[in-house]
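Using this note's numbering, read the sequence shown as starting at 309 and increasing by one per residue.
Every residue, glycine too, gets a C-beta built ideally from N, C-alpha and C.
Keep in mind that this is a model prediction, so the values were computed, not measured.
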Amino acid sequence: MEENLLNQIITNSPIATFVIDAVHRLVHWNRACELITSMPANQLIGTTRTWSAFYPQERPVMADLIVDGRLSEVENYYTGKYHRSPVLEDAWEAEDFFPHMPDGGKWLAFTATALKDDQGQIIGAIETLRDVTAKKRAETARRESEHLLNEIIAGCPVPMFVLNAQHEVSHWNRACESLNGALAKDMIGTRLQWKAFYPKERPVMADLIIDHKINEIPERYRGTCKPSVLIDNAWEATAHFPAFQSGPKWLYFTAAPLHGLDGNIAGAVETLQDVTAQKNYEQQLEHQANYDTLTGLANRNLLKNRLRQEIILAQRNNNLLALLFLDLDNFKQINDTLGHEVGDEVIRAFGERISTAVRDVDTVSRLAGDEYVILLHAPHNVDFITNIVHRLLDLVGEKFCIRERELYIGCSIGIAVFPRDGESAEELMSNADAAMYRAKMFDKGGFRYYTEDLNRGASLWMELKQELHYALTAGQLELYYQPQLNIQTNRIAGAEALLRWNHPKKGLLLPDVFIPLAEESGLIVPIGNWVMQTAVAEAQQWKNIEGFDLRLSVNVSARQFRYQELPDLLDAVINHTGFHPLMLELELTESLVMNNPAKAARLLAELKGKGFSLAMDDFGTGYSSLAYLRRFPFDMIKIDQSFIVDLGKSTEAEAIVRAMLTLCKALGLHVVAEGVETEEQRAFLAAEGCDEIQGFLYSKPLRADKFTRLLREQQSLKPE
Ligand code: C2E
Ligand code: CA
Ligand code: CA
């Protein structure tokens, strides 16, 4: 009965169980065993072939080993898969895969324990089996997906790292290693993520996301961050990392929360992208859009932006602003005579020099060509502005050494002051420009403030241009004559004809005011013709009346010189009057000649061929070289008054004039010194061998009748 009950229990136990006896014969093979192994009990009971339910070849099952006490062999048959039962003494547990079992093999977990009699003799063994295939497969699948996840992260070409809910690094991928230089093995499991980015400990974006500190993100990353448009609660930003582990870099980075099954934040993932090259390019583009490539100064664009900002600030703070327009006075000459490369260097050097005259808060910009604009930030008052302007003019008046040449580059400055001269950027710009234009016309090398009446002045200017059209026919033009004195004999050797305009309302106007207008409008050609005819006719008269032969000098403008009819005009004048061409001296400025030396040489040769005298005017201001002086057929050199004015004051000026005189003598040229105003200057020139002088010391330019009187006086003094 007891035996029967035991059988019942084993047979019906839901746990697969079998029992063998001391001689390995299978005694029990219950129903559950049949189901797991698909081996019916009747094929095995009473045999010693229990193994055949599990293996294709004969080998002991665990129960067999236990029955024989071959416990040490358990290790051989179940290497690494068995252990002693933690619950039962003398019981063993193991787990193994049985590939030959049905349904493509099975994972079984089994326990075996010895059955003993009262004396402790082993009389058999009982073994239980559990089918753990499903559990095993799930585990493998889980491990596989974990592995795949690791692979995805590690192998992903986007640098990224993952933090868990405790802010520990759980992933630090290979791309991240190579971007950052920090190795995964040093990062994973730590909270040292900040070290890769910052010199001091602080949260990275992923940390903030884990802690739900979303509102700290904009604070820490300023204007560069924004919520992702792709992922909820993810953020992106671009920032510069000066302490980035692999060197300073610009990074575009994103961070997104990771949620667990329960929906709570389980960590965060952060991706990185090196955008340094792109940023550099953007900055370069921005630089190009705002800075002048030649000088590195602000360009018009940046100036306008700054001006607009400064206007807003000035309105708020109630302060002044000053806009200074600078325009070089001799740039075109330099560019034309010395070439564009020298011109470029002049532009650069000039920009550098004016930058030194202003404060860091001021903006120095170059608009175009030889135009510069300086924006003075919050000058205290107009005197302050005037001081800076004086400083600028002094600085730019000093010599520039460019390519071993000494150049003098003046500039004219126009000034508009906010709010008096305009309230908008455009108004200030155009008014400063107008002031500069006026400075150029009336105070070349000086400065002008824009004022309300300058507006009127500008329209007057236009009016003047109109009026000049009528001046010629209305007989408002007149010639004055300034004597040129032989420095040895102190007698008049010639006279220069200088144009005047008797304006009906403005009175006597000097040529510097209207010659530029005449040049600009083309009127210089008919006016020049009138000058030539009138001067020659008047000089002819002196001769007829006084019986006095003297040289007449007439200024020829660039425009006239360019017109091919100059030789024809001269022919006509000579034919008409019988004036001796040798007595007619044409004054051409040095810069005019240097403008196009080849062409000038041809035309000068033609004029020389017709017998005219040629004088180079304003010598010393046009940068001509010695070689050129020799090439042109000049008879006379007129040393510019800017050199004469310093005689007796500056040894440098004296040295220059002395050198000019030596040079001209050596080339057989006559020399006139212009603008001689003092006895001291005259004495110096006489001592250094200058031939003639012209200047207020002896006489201002005189009306024709006064000049005639002067001649008559001299005639009467003529030594017999
Ligand atoms: P420029 O040819 O250099 O003429 C000399 C200028 O120096 C004249 O000015 C003369 O009045 C001035 N001057 C003479 N002696 C002295 C002196 O001791 N001190 C000072 N400070 N100045 C002195 P002006 O008459 O006002 O003429 C100015 C310029 O206008 C001339 O300079 C010349 O380039 C131009 N110009 C005058 N008449 C004509 C003309 O008929 N045709 C052309 N194309 N240009 C002319
Ligand atoms: Ca002259
Ligand atoms: Ca001159």
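Gly568 and Leu516 have their C-alpha atoms roughly 18 Å apart. No heavy atom of ligand 2 is found nearer than 7 Å to the CB of Glu679. In the DSSP assignment, Pro791 falls within the unbroken beta strand (DSSP E) covering Leu785 to Asn794. In the three-state reduction of the DSSP assignment, Gln591 falls in the helix class. Closer than 7 Å to some heavy atom of ligand 2: that describes the Cβ of Glu895.
If you look at Gln849, you'll find it in the alpha helix (DSSP H) that goes Ile832 to Glu854. At a Cβ-Cβ threshold of 8 Å, Phe755 and Ala747 count as neighbours. Within 10 angstroms of the beta-carbon of Asn883 lie fewer than 16 other beta-carbons, which makes it exposed.
Using a cutoff of 7 Å, the CB of Lys752 does not count as near ligand 3, since none of the ligand's heavy atoms is closer than that. Rounded to whole angstroms, the separation of the alpha carbons of Ser380 and Leu352 is 27 Å. Ligand 2 approaches Asp925 closely enough that one of its heavy atoms is under 7 Å from the residue's Cβ. By the Cβ criterion, the stretch 876 to 892 is in contact with the stretch 839 to 851, since at least three pairs of Cβ atoms, one from each stretch, lie closer than 8 Å. Per the C-alpha coordinates, the member of Leu605, Ala547, Met902 and Met370 positioned closest to Val512 is Ala547. Among the bridge pairs identified by DSSP, Ile800 is matched with Leu793.
For Asn523, there is no enclosing beta strand (DSSP E), as DSSP marks it with neither H nor E. Distance from the CA of Gln581 to the CA of Tyr560, rounded to the nearest whole angstrom, comes to 5 Å. In this structure, Leu977 and Asp925 do not form a Cβ contact; the two beta carbons are roughly 13 Å apart against a cut-off of 8 Å. Exclusion of Asp637 from the 7 Å shell around ligand 1 follows from its C-beta lying no nearer than that to any non-hydrogen atom of the ligand. Bridge partners of Lys534 according to DSSP: Glu544.
By alpha-carbon distance to Ala801, the top candidate from Gly753, Asp729 and Met891 is Met891. In this structure, DSSP gives Leu352 a state outside helix and strand, which the three-state scheme calls coil. DSSP places Asn488 in the helix class (H, G or I) of the three-state scheme.
Taking all protein chains shown into account, Val466 has fewer than 16 neighbouring C-beta atoms within 10 Å of its C-beta and is therefore exposed.
Judged by DSSP secondary structure, Val654 falls within the alpha helix (DSSP H) whose first and last residues are His648 to Thr664. A contact is defined here as three or more CB-CB pairs under 8 Å, and the stretch 649 to 660 fails this definition with respect to the stretch 620 to 628. Counting only runs that start and end inside the stretch 664 to 750, the alpha helix (DSSP H) elements of at least 4 residues fall at 690 to 705 and 733 to 750. Within the same chain, Tyr789 come within 6 Å of Phe1015 by CB-CB distance, once the 5 residues on both sides are set aside. Taken through DSSP and simplified to helix, strand or coil, Pro819 comes out as helix. For Pro565, the enclosing beta strand (DSSP E) begins and ends at Lys557 to His567. Our two residues, Tyr680 and Tyr757, have alpha carbons roughly 16 Å apart in a direct line. With contacts defined by Cβ atoms closer than 8 Å, Asp999 and Val980 form a contacting pair. For Ile945, there is no enclosing alpha helix (DSSP H); the enclosing beta strand (DSSP E) has its first and last residue at Met944 to Ile947.
Counting along the chain, the unbroken beta strand (DSSP E) around Ala923 starts and ends at Ser921 to Phe927. Proximity of the beta carbon of Glu775 to ligand 2 is not indicated: no heavy atom of the ligand is located closer than 7 Å. Annotation for Glu982 indicates a beta carbon within 7 Å of some heavy atom of ligand 3. Relative to ligand 2, Glu827 has its C-beta separated by 7 Å or more from all heavy atoms.
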